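**Student:** I am attaching a structure below and will ask some questions about it afterwards.
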Amino acid sequence: MAIRWLPDTRVWILETNHSAYALGIHPEGWLQHLYWGSRLVDPGDYPEPGHEYRGSSFDVGLQPEEYPAWGGTRFGDPCLKVAYADGCRDLRLEVRGHEIAADGHHLAIHLADPHAPYGLEVTLHYGLVPAEDIVVRHAEIANGGGAPVDLETALSAAWNLPPGAYELWHLSGAWGAETQVQRQPLAGPGEVLLESRYGHTSHAANPFFALSPVGETGETAGRVWFGALAWSGNWRIGVRTTNDWTLVAGGVHDFDFRWRLDPGEVWRTPAFVGGFCQNGLGGMSRRLHRYQRRHVLPAAPTPFRPVLYNSWEATYFNVTQEGQAALADRAAEIGVELFVVDDGWFGTRDHDRRGLGDWTPNPAKFPLGLGPLAEHVERRGMRFGLWVEPEMVNPDSDLYRANPDWVFHFPHRPRSEHRHQLVLNFAREDVRTHIFGVLDRLLASHAVSFVKWDHNRPWTEPGWPAAPAERQREVWVRHVLGLYEVLDRLRAAHPAVTFESCAGGGGRVDLGILARTDQVWASDNTDAYDRLRIQEGFTLAYAPRTMMSWVTHSPTWANGRQLSLEYRFHVSMAGGLGIGDDITKWSDEEMSRAAGLVAQYKDIRPLVQAGDLHRIQSPRASDITALAYVAEDRSEAVLFVYRHRTGPMHPHTRTSAWVRLPGLDPDARYQVEGERVRLYHGGDLGALRPVSGTALAEVGLDVGGLNGDYASRVLRVRRA
Ligand code: DGJ
542 MAIRWLPDTR
552 VWILETNHSA
562 YALGIHPEGW
572 LQHLYWGSRL
582 VDPGDYPEPG
592 HEYRGSSFDV
602 GLQPEEYPAW
612 GGTRFGDPCL
622 KVAYADGCRD
632 LRLEVRGHEI
642 AADGHHLAIH
652 LADPHAPYGL
662 EVTLHYGLVP
672 AEDIVVRHAE
682 IANGGGAPVD
692 LETALSAAWN
702 LPPGAYELWH
712 LSGAWGAETQ
722 VQRQPLAGPG
732 EVLLESRYGH
742 TSHAANPFFA
752 LSPVGETGET
762 AGRVWFGALA
772 WSGNWRIGVR
782 TTNDWTLVAG
792 GVHDFDFRWR
802 LDPGEVWRTP
812 AFVGGFCQNG
822 LGGMSRRLHR
832 YQRRHVLPAA
842 PTPFRPVLYN
852 SWEATYFNVT
862 QEGQAALADR
872 AAEIGVELFV
882 VDDGWFGTRD
892 HDRRGLGDWT
902 PNPAKFPLGL
912 GPLAEHVERR
922 GMRFGLWVEP
932 EMVNPDSDLY
942 RANPDWVFHF
952 PHRPRSEHRH
962 QLVLNFARED
972 VRTHIFGVLD
982 RLLASHAVSF
992 VKWDHNRPWT
1002 EPGWPAAPAE
1012 RQREVWVRHV
1022 LGLYEVLDRL
1032 RAAHPAVTFE
1042 SCAGGGGRVD
1052 LGILARTDQV
1062 WASDNTDAYD
1072 RLRIQEGFTL
1082 AYAPRTMMSW
1092 VTHSPTWANG
1102 RQLSLEYRFH
1112 VSMAGGLGIG
1122 DDITKWSDEE
1132 MSRAAGLVAQ
1142 YKDIRPLVQA
1152 GDLHRIQSPR
1162 ASDITALAYV
1172 AEDRSEAVLF
1182 VYRHRTGPMH
1192 PHTRTSAWVR
1202 LPGLDPDARY
1212 QVEGERVRLY
1222 HGGDLGALRP
1232 VSGTALAEVG
1242 LDVGGLNGDY
1252 ASRVLRVRRA
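As structure tokens, then:
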């Protein structure tokens, strides 16, 4: 499992545990993609460079290139398009050499423009993650010449698929309905463009794709090629089909993009992670989750995400020390480990029209500062956390009054407000220095050990008048790099603090932000039933341990649906559990049921947060949703079953669901814990006998006790 160079054929073969990726040098000197799919037994079986589709004078530009640069006969999406200072925009790249790292897991291929005075050099990087069958790609573009070069497109990578007809799986939606699974056949020639031009990753689309051969792939079997971008700004993933050739090119969006590369400067693209597996969408998700847990997420101060309480839906802006202290008392009673004060604690923030940007405690709400509340929370055995929205400012704030130039704006143009706020320009060093200083002091002085970092509007009028005209469009990228820089500095200065990414719910979920935040607020829609679909899509690409999910009020504000406390908990327990209702209003009986559910969550938490997800029945498919988390060593599992409405009057379907439980060791025997559970034709399993992993996967369980609409069960399964 390593990277090999075959000098005779001038081919590189990158092998992971189950997949292979091959590329080589075409006789004309360009870098040719050769193969991506299952590992082949014999190295001689991999295709060799040289073959090219050529027909009439119009049948050109069909070369399967590894990193297409625009110039010559190229008509598709280029990865790289430049303008040289002399006006030439025709870019040629030739292979100049390569290095393979000593561990055999990293390849760097050096390309250069053959016209030496231009000095343009491109290095393509390939990192291998063998256990997860993943290749991590990025590019570095260096200007070794004497004049500036303008980058007009500079994508991270292009992925060539084997010839064939594919269907595309992706995640899109809207605020309150993020990460909805979309399945779309690539019906013929043309391009499907997944993208964000909102400045942030966006609710509308997510930088993730999966492609599977039409009709072949389902949840548990079939080939799937997949990828995700590590970028939290404008992005594009273009999936272009030409006859039976499919090319996926992605990276920072080239819409309104321009990057000036002065002599000696280097542009490094974000990573584009790609993978291949034969185990269907389930196999893909498990690989992505493990990859994120092992290689992407920052080292966390606590091994598992704590159970948190968040004040937003309980108090909105009506935050007071007494009110929060009362909530904290109740939160501690049910076993909460982290108490988070959301929006409304700072400046003059009594509503969303003012105060944003003034990150000091509101003196009327907190006369002695945040110290007393933080101590109150800590005395009850919980950690203390705060909400901030550092990239934003209300015009009605001291920060904006003192620094009106710090926001995105164009001269002679209005500054559009959304939620009465404007976007601070993190491309500016003075803005970053100010925000870092304010947050650094806040974290140092108030025993804050958790930060929820929000972002509540898209960017408009992205002007940066203080920058030279030829560099102003870099603001799209420089803001995101500035955000990363501030987060990285804060993490380094406060290693015990955990961070949650939020953008009005799940508007900033991607591998870039997950490299520097521990968890994500997946959606403002806290209706537990809607959430099943949001969570299904979220976990298609992202690790369940990052997906925060709160138990909130019933009927929910989102749609008035009434759901039992148990159903709401069971949905939230499938990710990182939080509670967000006004728990001072919960009855003693509700408090005691909630305490039991929190304790149950703590018991299954290692499985949910570090186990392998198996989707058993999709909320899109029927009235039953089922999923399981299985320990990596397959010694135990937890099964979640949700019935959305009571079944027809038949003894097997009225109040029960027949659910298979895959993913366990087929030969080991397991005990299912829980009442009213049967093998389909058998007796009470819990009381009777352990059964094999094969029986659980093939025969399945008859899970009873699903009475009425929106009923749910959580069952523990352990090796006997
Ligand atoms: C949007 C977030 O998604 C909510 O959870 C809450 O933090 C509000 N912002 C506060 O303004």
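Add 541 to the 1-based position in the sequence shown for my numbering, that's all there is to it.
Heads up, the beta-carbon is just placed ideally off N, CA and C, and yes, glycines get one too.
Treat the numbers as computed from the prediction; the structure is a model and nothing was measured.
Count Cβ pairs between the region 754-768 and the region 585-601 that sit closer than 8 angstroms; are there 3 or more?
**Tutor:** Counting Cβ pairs under 8 angstroms, fewer than three are found: no touch.
**Student:** If you compare alpha carbons, which of S938, D937, R942, E932 is closest to F949?
**Tutor:** Closest by alpha carbon: E932.
**Student:** Looking at W853 and ligand 3, is the gap between the Cβ and the nearest heavy atom below 6 angstroms?
**Tutor:** Ligand 3 is absent from the structure shown, which contains only ligand 1.
**Student:** How would you call A751, buried or exposed, if buried means at least 16 neighbouring beta carbons within 10 angstroms?
**Tutor:** Under this definition A751 is a buried residue.
**Student:** Taking the alpha carbon of G1048 as the point to measure from, which residue in W1062, A1037, V1038 has its own alpha carbon closest?
**Tutor:** It is W1062.
**Student:** Under 7 angstroms Cβ to Cβ from N966, same chain only, skipping five residues before and after it: list those, please.
**Tutor:** Correct list, in chain order: W947, V948, F949, V972, W1005, V1016, H1020.
**Student:** Hey, would you say the C-beta of C629 is under 6 angstroms away from at least one heavy atom of ligand 1?
**Tutor:** Checking every heavy atom of ligand 1 against the Cβ of C629, none is found closer than 6 angstroms.
**Student:** Classify Q819 as helix, strand or coil using the three-state DSSP reduction.
**Tutor:** Q819: coil per DSSP, three-state reduction.
**Student:** Would you call the region 784-804 and the region 639-654 in contact, with 3 or more CB pairs under 8 angstroms?
**Tutor:** These segments do not touch.
**Student:** Going residue by residue through the region 906-930, where are the continuous alpha helix (DSSP H) segments of at least 4 residues, counting only ones entirely within it?
**Tutor:** 912-920, all fully within the region 906-930.
**Student:** For D654, does the three-state DSSP call read helix, strand or coil?
**Tutor:** Here D654 sits in coil by DSSP.
**Student:** Could you give the distance in angstroms between the alpha-carbon of D1208 and the alpha-carbon of G1241?
**Tutor:** Looking at the two C-alpha atoms, the distance is approximately 15 angstroms.
**Student:** Are the region 1153-1161 and the region 1122-1136 touching, with three or more C-beta to C-beta distances below 8 angstroms?
**Tutor:** No: the two stretches stay apart, fewer than three of their Cβ pairs being nearer than 8 angstroms.
**Student:** Using the Cβ count rule (16 or more neighbours within 10 Å means buried), how would you classify W1098?
**Tutor:** Per the 10 Å Cβ criterion, exposed.
**Student:** Compute the Euclidean distance between the alpha carbons of H666 and Y1025, then round it to the nearest angstrom.
**Tutor:** Distance between the alpha carbons of H666 and Y1025: 21 angstroms.
**Student:** Pull up the DSSP beta-bridge partners for G1047, would you.
**Tutor:** Paired residue(s): A1044.
**Student:** Below 8 angstroms, can you find three or more Cβ-Cβ pairs linking the region 727-734 to the region 826-840?
**Tutor:** Result no; under three Cβ-Cβ pairs closer than 8 angstroms.
**Student:** Who are the near neighbours of Y1183 in its chain, counting only those whose CB is closer than 6 angstroms to its CB and skipping five residues on each side?
**Tutor:** The residues are T1166, S1253.
**Student:** Given this structure, state the Cα-to-Cα distance separating Y1083 from V918, to the nearest angstrom.
**Tutor:** Roughly 31 angstroms separates the two Cα atoms.
**Student:** When you compare only the Cα positions, how much space is there between G1046 and N1066?
**Tutor:** Each residue's alpha carbon lies about 8 angstroms from the other.
**Student:** Assign E1216 to one of two classes, buried (16 or more other C-beta atoms within 10 Å of its C-beta) or exposed (fewer than that).
**Tutor:** Result: exposed.
**Student:** On the DSSP bridge list, what partners appear for K622?
**Tutor:** In DSSP, K622 forms a bridge with T694.
**Student:** Within a Cβ cutoff of 8 angstroms, which residues of the same chain sit near G898, ignoring the five residues on either side of it in sequence?
**Tutor:** Hits under 8 angstroms: G888, M933, V934, N935, S938, D939, L940, Y941, L965.
**Student:** Under the three-state reduction of DSSP, which class applies to F949: helix, strand or coil?
**Tutor:** Note: F949 maps to coil in three-state DSSP.
**Student:** Taking the straight line between their C-alpha atoms, what separation do you get for P609 and G768?
**Tutor:** Near 18 angstroms, if we compare the C-alpha coordinates of G768 and P609.
**Student:** Less than 6 angstroms between the CB of G1046 and some heavy atom of ligand 1, yes or no?
**Tutor:** Yes, ligand 1 has a heavy atom inside 6 angstroms of this Cβ.
**Student:** On the three-pair Cβ rule with 8 angstroms, is the region 1066-1082 touching the region 1095-1111?
**Tutor:** Yes, they touch.
**Student:** Could you tell me the distance, in whole angstroms, from the CA atom of V1038 to the CA atom of R1032?
**Tutor:** Cα to Cα, V1038 sits roughly 7 angstroms from R1032.
**Student:** Measure the beta-carbon distance from T1196 to L1118 and round it to whole angstroms, keeping in mind my assumption that it falls under 8 angstroms.
**Tutor:** That pair is no contact at about 26 angstroms.
**Student:** In three-state terms, what does DSSP make of F599?
**Tutor:** Coil at F599, not helix or strand.
**Student:** Is W853 helix, strand or coil by DSSP?
**Tutor:** Looking at W853 - three-state DSSP - the assignment turns out to be helix.
**Student:** In angstroms, rounded to a whole number, what distance separates the CA positions of E1177 and G717?
**Tutor:** Near 34 angstroms, if we compare the C-alpha coordinates of G717 and E1177.
**Student:** Can you tell me where the alpha helix (DSSP H) with W1017 in it begins and where it stops?
**Tutor:** Here the alpha helix (DSSP H) through W1017 covers 1016-1034.
**Student:** Would you check whether ligand 1 has a heavy atom nearer than 6 angstroms to the C-beta of D884?
**Tutor:** Within the cutoff, so yes.
**Student:** Return the chain-ordered list of same chain residues with a C-beta closer than 7 angstroms to the C-beta of G821, the five sequence neighbours on each side being excluded.
**Tutor:** Closer than 7 angstroms at the Cβ level, and outside the excluded window around G821, lie T758, G759, E760, T761, A762, G763, V765.
**Student:** Going by the C-beta, is C1043 closer than 6 angstroms to any heavy atom of ligand 1?
**Tutor:** Checking every heavy atom of ligand 1 against the Cβ of C1043, one is found closer than 6 angstroms.
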